[in-house]
Every structure is written in structure tokens, then in C-alpha cells.
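Residue numbers for the sequence shown follow this note's numbering, beginning at 14 and rising by one.
Just so it is clear, CB atoms sit at the ideal spot from N, CA and C, and this is done for glycine as well.
Quick caveat, the model's predicted, so the values are computed rather than measured.
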Amino acid sequence: GMGMSASSSVLGSASCNFVTACDGCSFAPPGNSSFGVVNTCDWFCNAGRYWVPLGGQIADATPSIYSTASWLSYTSPGLCTTCPEGRYAPPATITPGLGAVCLPCPGGTFGTLPGQEVLASCASCKEGFFSAEASVSCTACASGTYGADGAGVETCSYCPAGTASPNPAATNATSCVSCPLGSAGNTSGLAACALCEAGTYQNVTGATACVDCASGRWSTPGNETCHLDAM
């Protein structure tokens, strides 16, 4: 008859082929079998789980990695495996030969539990924090960078040259403060501006370089002007 047999994940069980450890077997609707044969039994993995060929790895958008309602070829050795932390496997559209992959939580989010089925299981990082896709935790944006107000980001933004931000986990560009007089920031992503060296000066804020004193003039480190009188 139609419908699923008893769920099983035992290699060589009656409901799955001898080379397959699946979660169940479902008779495809007439004419919609993976193999074009009415009443062919196709193996599937439950939601939150995905198909791994023996010796295979997680590979996003790879057709051989399936989840719920995936129509699996019983000639492929492998097994149904729970999606790890940082990923989720939604129920798949019933399409012969195709299925949902074990998807990564997007950048700026993270997942701490295995076997999740929906994108909503991926929690947003706190503001000022970031994460790459498929992360299990978030990291504070480093000094010299900033994240976003209200939510996490996939990558933190660099403070522009001529500014600096000393504190980690900053949430927006207002944390990037212009370099004060007598200093400069020659590159992006600085935690602190550098004092102008002796013999140089800077008399504007937000500078990206210090200026050499004119011939015959001098300065001490961090000066806004140069001096003419003898040292």
C-alpha cells in the first residue's frame, strides 16, 4: 500500500536497502517514482537529518545530501545523519531524485543544537558581534571595526583611515573617532591613531599622515606645530 513503513535507521533493515541506513521507505505516487516505476519504494531521511554517502562529508547544495521527503537511490551506500550544530535540514519538496541539503545557518547567526529543521532555529548574534555561516557561536567585532545596531553581521566593517576605535563589539561607524591633532591613522581598522614622530606635525583632525617640518624647524612626538627656535 501507499505510505511510509516503520521508521528505521539500521543498516540492512527491512525498510531500507542493504547498502542504505535510512529513516524510512515511502512508495512514490504512481508515475513519480525516482526510477519511473510505479510503487517503487524510495528511501528518505527525516527533517533535521541529511543523506551522507559512505565516506562523504557535508557539502552544501550537493545533490547526494538529502533530507525529508528526499527520494534516495537505493543503489547508493550511505546513511541518514543528524545535521550538526550550526545547520538545519528543512522538509524537502517531494521531487524525485532531489531533496533539501543540510543547510548552514547564515552569517550573523549561529546554531547550538543538532537536528534542527527550520531557519528560525538559527539565532542572531548580538549587535557588535559576527559569525560566518554554519557557526555555533559568535565573536565580538575587534577594535578598529564595528558591526551593526540590533543584530549580528557576517563580517565586521573597518573604521576608515584617519579614525580609530579602541573598544571591541562596537555597533556602528560612530565608534570610529577621528584621529586627534598631532596624530594620524594611515590605514583602516585601527584601534588607535599613531602620534606624529619627532620632526613631523599634524594640525588637523582625522589625518591619514603627518607632515614633515620645514627645513630648520623641529617638533617633539605628537606635536601640532613645528618650532623655529633652537631645541
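Cβ contact annotation for Asp225 (same chain, cutoff 6 Å, sequence separation greater than five): Thr213, in chain order.
In summary, Pro181 is buried, with 16 or more beta-carbon neighbours lying within 10 Å of its beta-carbon over all protein chains present. Leaving aside the five residues that flank Ala153 on each side, the residues in its chain whose CB is nearer than 7 Å to its CB run, in chain order, Gly141, Phe142, Pro181, Ala182. Leaving aside the five residues that flank Cys135 on each side, the residues in its chain whose CB is nearer than 6 Å to its CB run, in chain order, Cys118, Thr122, Gly124. In this structure, the beta-carbon distance from Cys206 to Cys192 falls below 7 Å.
Per DSSP, the beta-bridge partners of Ala136 are Phe123. In the structure shown, the three-state DSSP call for Ala186 is helix. By the beta-carbon neighbour count (other beta carbons within 10 angstroms, threshold 16), Val131 is exposed. With at least 16 other beta carbons inside 10 angstroms of its own, Ser178 counts as buried. A direct Cα-Cα distance of roughly 15 Å separates Ala164 from Ser148.
Excluding five sequence positions before and after Pro127, the CB atoms of its chain that fall closer than 7 Å to its own CB belong to Thr95, Cys96, Pro97, Glu98, given in chain order. A Cβ-Cβ distance of about 4 Å is found for the pair Gly157 and Gly202, placing them in contact under the 8 Å criterion. Between the alpha carbons of Leu116 and Asp162 lies a gap of roughly 26 Å.
Beta-bridge annotation (DSSP): Arg100 is paired with Pro117.
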